[in-house]
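Same order as they appear, the protein sequences are chains A and B.
Just so it is clear: in the first sequence, position 223 is 223 by the working numbering, and no numbers are missing.
Add 269 to the 1-based position in the second sequence for the working numbering, that's all there is to it.
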Amino acid sequence: MTGERMLHRAVVAGILVAVVLPFLPIGLWSVGHRWFFPQLFPAELSVRGWSYLVSPQSRVLPALLNSVVIAAVVTLINVVLGVPAGRVLGTARFGMRGGIELLILAPLIVPGIAVIMGIQVVFIRIGLADTRAGVILAHLLPTLPYMILVMKGVFANYDHNYEQQARSLGARPGQVFAYVTLPSVFPGVVVGALFVFLVSWSQYVLTLMVGGGRVTTLPVLLFSFAGSGDHALTAVLSLVFVLPAVAVLAASARYLTGRSAALSGLGGR
Amino acid sequence: MTEVRVEGLTRRFPRTDAPAVDDISVTAKAGELLCLLGPSGCGKTTTLKIIAGLEAPDAGHVRFGGRDVTAVKPELRDAVLVFQNALLFPFMTVEENVGFGLKMRRHPPGEIRRRVRDMLEAVHLTGLGERKPEELSGGQKQRVALARALVLEPSVLLLDEPFSNLDAHLRDEMRELVLSLKDRMNLTVIFVTHDQEEAVLLGDRIALMFDGRIEQVGTADEFFRRPATTRIAAFFGNRNVLRGTKRGGRVCTAVGELEVACSDRVADGPVHLLVRPEYVVTRSSVHSVNRVPVEIRRTTNMGTHLRYRVLLDTTEWDVHTGTEEELAGTASGAAPPGAVTPSGGVADPETPLPGHAVSGSRMTVQLPPERIWLVPAEDTD
Chain A
1 MTGERMLHRA
11 VVAGILVAVV
21 LPFLPIGLWS
31 VGHRWFFPQL
41 FPAELSVRGW
51 SYLVSPQSRV
61 LPALLNSVVI
71 AAVVTLINVV
81 LGVPAGRVLG
91 TARFGMRGGI
101 ELLILAPLIV
111 PGIAVIMGIQ
121 VVFIRIGLAD
131 TRAGVILAHL
141 LPTLPYMILV
151 MKGVFANYDH
161 NYEQQARSLG
171 ARPGQVFAYV
181 TLPSVFPGVV
191 VGALFVFLVS
201 WSQYVLTLMV
211 GGGRVTTLPV
221 LLFSFAGSGD
231 HALTAVLSLV
241 FVLPAVAVLA
251 ASARYLTGRS
261 AALSGLGGR
Chain B
270 MTEVRVEGLT
280 RRFPRTDAPA
290 VDDISVTAKA
300 GELLCLLGPS
310 GCGKTTTLKI
320 IAGLEAPDAG
330 HVRFGGRDVT
340 AVKPELRDAV
350 LVFQNALLFP
360 FMTVEENVGF
370 GLKMRRHPPG
380 EIRRRVRDML
390 EAVHLTGLGE
400 RKPEELSGGQ
410 KQRVALARAL
420 VLEPSVLLLD
430 EPFSNLDAHL
440 RDEMRELVLS
450 LKDRMNLTVI
460 FVTHDQEEAV
470 LLGDRIALMF
480 DGRIEQVGTA
490 DEFFRRPATT
500 RIAAFFGNRN
510 VLRGTKRGGR
520 VCTAVGELEV
530 ACSDRVADGP
540 VHLLVRPEYV
550 VTRSSVHSVN
560 RVPVEIRRTT
570 NMGTHLRYRV
580 LLDTTEWDVH
590 TGTEEELAGT
600 ASGAAPPGAV
610 TPSGGVADPE
620 TPLPGHAVSG
630 SRMTVQLPPE
640 RIWLVPAEDT
650 D
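Shown next, in the form of structure tokens:
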């Protein structure tokens with residue numbers, strides 16, 4: 001038993017090191033002022049990068065806001081479209097299902113960059129190019145297939161008799177959805193939404209193409225700083241870029257472990 | 270109390286168009302417990318779901334106390350269905366589960382709490398209200414499911430094999446609970462089961478379904494002693510069948526002419542002759558008629574009775590005899606293997622009774638004329 005426990009601890013420690021260690025140099029970069037090759041640590045420390053972040057002429061905060069708004073709206077659309085689609089694909093049996101699933105998966109098979117050119121032409125024509133709305137639509141391309149897949153899995157394990165039971169107990173269809181269906185699949189929705197949020201959050205190519213540089217999100221800004229060779233700013237931006245993702249992930253992991261029993265409870269017998 | 274009447278109910282499978290439920294008509298009288306009995310896949314659960322309103326029939330009507338409810342939505346029917354697995358909502362506590370229906374019907378929270386508490390007491394679950402379903406045993410879950418349905422005070426309770434996942438002793442307990450609650454709450458209950466014994470234990474009357482049709486409706490006694498077909502008889506544990514041709518009060522069979530008492534119920538012609546295993550007489554008795562030679566295949570001492578597996582002409586029959594009787598008078602003809610000469614008609618505990626034995630010995634049994642049941646021979650047999 002103790003050997004097993006030690007192994008468990010070693011594995012956890014290994015994972016922590018692998019995840020946390022790469023952030024150490026970035027942390028140093030963000031405060032390093034003059035840091036050249038043979039030196040192990042920066043010669044001088046400075047808060048230039050961090051002070052830029054909050055300075056009035058900073059482009060980081062508007063980009064952060066853009067990223068949050070776009071990722072949030074993309075996630076919302078994914079939930080609204082993905083839950084019903086996943087429900088149908090996960091439960092109903094019909095002839096066209098295989099073909100429809102392939103069509104839904106197609107954006108994952110074909111690289112987004114291959115189709116975004118054509119989409120961009122259309123977007124220019126209908127006035128969606130260089131707009132946030134256009135970027136949001138483009139972000140659905142690499143996210144919606146995942147969301148539908150996740151929800152399909154959730155609904156495939158979902159026992160429909162729970163809904164029939166609720167009806168028989170006097171719940172109207174709307175109440176069944178609100179009080180039974182939604183709580184049952186909610187952990188699955190959270191997982192899918194999280195995934196979608198992070199994919200949209202880190203989207204660069206599609207944002208740049210459709211946004212035309214005018215819709216600045218964090219990744220777009222990050223790439224331009226990285227290209228300019230300003231290491232301190234790039235490092236600061238990287239940390240800002242990663243922090244919300246880590247926070248969301250930690251919070252949801254906490255939530256999901258509490259709910260895992262509910263998840264397995266609806267997975268049939 | 271509400272009478273549940275089902276008329277000409279038909280429901281087809283969506284793909285094949287074959288009927289899952291085929292023109293069913295049956296009535297559960299007010300305050301009655303009607304068992305819908307049948308092998309799996311016979312359409313009994315579909316019938317129950319149609320009565321609950323969870324599935325729509327392709328034809329036919331459902332009436333509660335004379336009122337046609339065929340088009341009424343399930344949440345507005347005065348009937349609640351309890352499924353085979355308890356289906357407790359895992360994200361709610363026991364109390365929230367039981368109060369679910371009342372909450373959906375917008376009863377005030379105070380009243381819900383009071384009624385839920387009373388109901389939990391009625392199913393002997395006081396104090397478990399704060400638990401989550403996963404913390405309950407199988408029997409407790411099923412009792413919560415029952416409480417969740419009954420707290421709504423429906424006039425019709427529909428049960429779909431609710432105890433089939435439970436241990437035998439828990440099942441007995443639950444049956445008692447259902448029967449006592451039914452009387453206390455004036456419920457009309459329709460109980461679906463594939464277990465003949467359960468149907469006999471619970472049902473005021475039984476409706477037996479095969480292949481989407483109701484074959485016979487009646488009391489347990491009618492199914493045991495007056496089955497309509499050989500298939501029904503077999504479902505109730507009687508596989509002792511002999512083919513014959515009836516002429517008046519006699520039936521001509523492969524083992525000779527047999528006298529029958531119930532002669533005017535069935536028309537002359539080809540018939541099936543049925544005798545329940547416990548009605549076959551093995552000891553010499555007053556009957557001098559209908560003596561039939563059989564070959565003993567196997568003898569089993571069941572403790573309460575001896576069970577013979579015998580070959581009667583070319584068909585296998587079961588013959589049950591009380592162990593006391595067996596000692597009181599030996600089977601006529603050759604004594605069964607291991608049987609002892611009787612001494613005074615009382616079983617001496619020291620005297621060994623025949624245990625499990627395989628043999629090819631012969632004996633003569635009697636088929637009492639008043640115990641013979643005839644059914645017209647169906648073409649399918």
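Every residue, glycine too, gets a C-beta built ideally from N, C-alpha and C.
Since this is a predicted model, take the numbers as computed values, not measurements.
{"query": "Cβ of B/Phe358 less than 8 Å from any chain A Cβ?", "result": "yes"}
{"query": "Mind checking B/Met443: buried by the 16 CB within 10 Å criterion, or exposed?", "result": "buried"}
{"query": "Under three-state DSSP, which class holds B/Lys342?", "result": "coil"}
{"query": "Which residues in the same chain have their Cβ closer than 7 Å to the Cβ of B/Gly228, if we skip the five residues on either side of it in sequence?", "result": "As shown, chain B starts at 270 and ends at 650. That puts residue 228 of chain B outside it, with no answer to give."}
{"query": "In this structure, how does DSSP classify A/Ser264 when only helix, strand and coil are distinguished?", "result": "Residue confidence is low: A/Ser264 scores 43 on pLDDT, short of 50, so the model does not pin down where it sits. Its coordinate-derived value is still stated next. It is helical."}
{"query": "Would you decide whether A/Ile70 is buried or exposed? Buried here means 16 or more other CB atoms lie within 10 Å of its CB.", "result": "buried"}
{"query": "Should A/Thr143 go down as buried or exposed, given a rule of 16 or more other Cβ atoms within 10 Å for buried?", "result": "buried"}
{"query": "State the Cα-Cα distance for the pair B/Thr551 and B/Arg560, rounded to the nearest angstrom.", "result": "10 Å"}
{"query": "For B/Arg274, which of B/Ala297, B/Asp291 and B/Ile293 has the nearest alpha-carbon?", "result": "B/Ala297"}
{"query": "Any idea what DSSP makes of B/Ser294, helix, strand or coil?", "result": "strand"}
{"query": "Can you check whether the CB of B/Arg412 is closer than 8 Å to the CB of B/Thr362?", "result": "no"}
{"query": "What's the call for B/Leu426, buried or exposed, on a 16-neighbour Cβ count within 10 Å?", "result": "buried"}
{"query": "Roughly how many angstroms separate the alpha carbons of A/Lys152 and A/Tyr146, rounded to a whole number?", "result": "10 Å"}
{"query": "Would B/Lys342 be called buried (16 or more neighbouring beta carbons within 10 Å of its own) or exposed?", "result": "exposed"}
{"query": "Taking just the CA atoms, how far does A/Ala226 sit from A/Gln39?", "result": "21 Å"}
{"query": "Quick check on B/Tyr577: does DSSP put it in helix, strand or coil?", "result": "strand"}
{"query": "Below 7 Å on C-beta distance, what does B/Arg281 contact in chain A?", "result": "Ordered by position in chain A, no residue passes the 7 Å Cβ test against B/Arg281, which lies about 16 Å from the chain."}
{"query": "Does A/Pro183 get closer than 8 Å to chain B when you measure Cβ to Cβ?", "result": "yes"}
{"query": "CB A/Pro219 to CB A/Ser202, shorter than 8 Å?", "result": "yes"}
{"query": "I'd like to confirm the pairing. Which residues does DSSP put opposite B/Thr569 in its beta bridges?", "result": "B/Arg576"}
{"query": "In chain B, which residues lie with their C-beta within 8 Å of the C-beta of A/Gln57?", "result": "Those within 8 Å of A/Gln57 in chain B number zero; the least Cβ separation is about 49 Å."}
{"query": "DSSP three-state call for B/Gln635: helix, strand or coil?", "result": "strand"}
{"query": "I need the DSSP call for A/Gln203, collapsed to helix, strand or coil.", "result": "coil"}
{"query": "Provide the residue(s) that pair with B/Gly513 in DSSP beta bridges, ordered along the chain.", "result": "B/Thr522 and B/Val540"}
{"query": "Indicate whether the contact test is met: 3 or more Cβ pairs, each with one atom in the segment 499-513 of chain B and one in the segment 317-330 of chain B, closer than 8 Å.", "result": "no"}
{"query": "Using the rule of at least 16 other Cβ atoms within 10 Å of the residue's Cβ for burial, across every protein chain shown, is A/Met209 buried or exposed?", "result": "buried"}
{"query": "Would you call B/Ala476 buried or exposed, if buried means 16 or more other Cβ atoms sit within 10 Å of its Cβ?", "result": "buried"}
{"query": "Based on the DSSP secondary-structure assignment, which residues constitute the bridge partners of B/Gln485?", "result": "B/Leu477"}
{"query": "Counting contacts by CB-CB distance shorter than 8 Å, is A/Ala251 in contact with chain B?", "result": "no"}
{"query": "Using the beta-carbon count (16 or more within 10 Å), is B/Phe333 buried or exposed?", "result": "buried"}
{"query": "Roughly how many angstroms lie between the CA atoms of B/Ile320 and B/Thr583, to the nearest whole one?", "result": "45 Å"}
{"query": "Identify whether A/Ala235 lies in helix, strand or coil by the three-state DSSP scheme.", "result": "helix"}
{"query": "List the endpoints of the continuous alpha helix (DSSP H) containing B/Leu450.", "result": "Ala437 to Met454"}
{"query": "Closer than 7 Å by beta-carbon distance: list the chain A residues that pair up with B/Thr323, in chain order.", "result": "It is worth fixing the name first, because residue 323 of chain B is Leu in this sequence and not Thr. Within 7 Å Cβ-Cβ: Gln164, Arg167 and Ser168."}
{"query": "At a Cβ cut of 9 Å, what residues of the segment 403-427 of chain B count as close to chain A, listed as they run along the chain?", "result": "Glu403, Ala414, Arg417, Ala418, Leu421 and Leu427"}
{"query": "Is there a C-beta anywhere in chain B that falls below 8 Å from the one on A/Arg172?", "result": "yes"}
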